[in-house]
Ligand code: FES
């Protein structure tokens, strides 16, 4: 998402989102959600524009984007995997699962595989605490997740199968 090099269209779309929320209290979050909804991610090139429009430092804008795991810095992969790392899931092996997932996909949490097939994300409680480790694959909830099941579900997702 090259804001300036793409002519005015991308910049105009970003500006329209900013204008829609600029007067609100705590406008940055709704603006970020709006940009992510518009483009599927929040490109680093947008940060200076937001900082200038909202009278914030670039570091502050960047800090908010990186604090919330919902915001992506690059387009999401075909399959999005979000693993819960909150306390209840941690107590039943969430960190092991995160390490396994990072090894299986060859990316760190927050990254997308180079072929664009999988984005690995984290979340802090999916409301499925009794069935941890909990995971979400393309928005669908799974409990008692482990490495083998994760791989199996992803193979099925890549084959276009329902991952139920
Ligand atoms: S702590 Fe993982 S779903 Fe609640």
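In the numbering used here, the protein residues as written are -3 to 160. Note that beta-carbon positions come from the ideal geometry of N, C-alpha and C, so glycine has one too.
Buried versus exposed, by CB contacts within 10 Å (16 or more), residue i
i           : result
residue 62  : exposed
residue 138 : buried
residue 131 : buried
residue 124 : buried
residue 90  : buried
C-beta atoms of residue i and residue j nearer than 8 angstroms
i           : j           : result
residue 102 : residue 108 : no
residue 97  : residue 77  : yes
residue 128 : residue 69  : no
residue 28  : residue 67  : yes
residue 80  : residue 149 : no
residue 93  : residue 143 : yes
residue 26  : residue 34  : no
residue 47  : residue 60  : no
residue 218 : residue 16  : Nothing about residue 218 can be read from this structure; the chain reaches only from -3 to 160.
Which of helix, strand or coil DSSP assigns to residue i
i           : result
residue 128 : coil
residue 109 : coil
residue 1   : The pLDDT assigned to residue 1 is 47, lower than 50, so where the model puts this residue is not dependable, and the model offers no usable value.
residue 162 : Missing from the structure shown is residue 162; the chain here goes from -3 to 160 and no further.
residue 80  : strand
residue 114 : strand
residue 75  : strand
residue 141 : coil
residue 119 : strand
residue 9   : helix
residue 21  : coil
Examine the Cβ distances between the segment 100 to 119 and the segment 59 to 78 and report whether three or more of them are shorter than 8 angstroms. Result yes; three or more Cβ-Cβ pairs closer than 8 angstroms.
Between the segment 35 to 46 and the segment 76 to 92, can you find at least three pairs of beta-carbon atoms closer than 8 angstroms? These segments do not touch.
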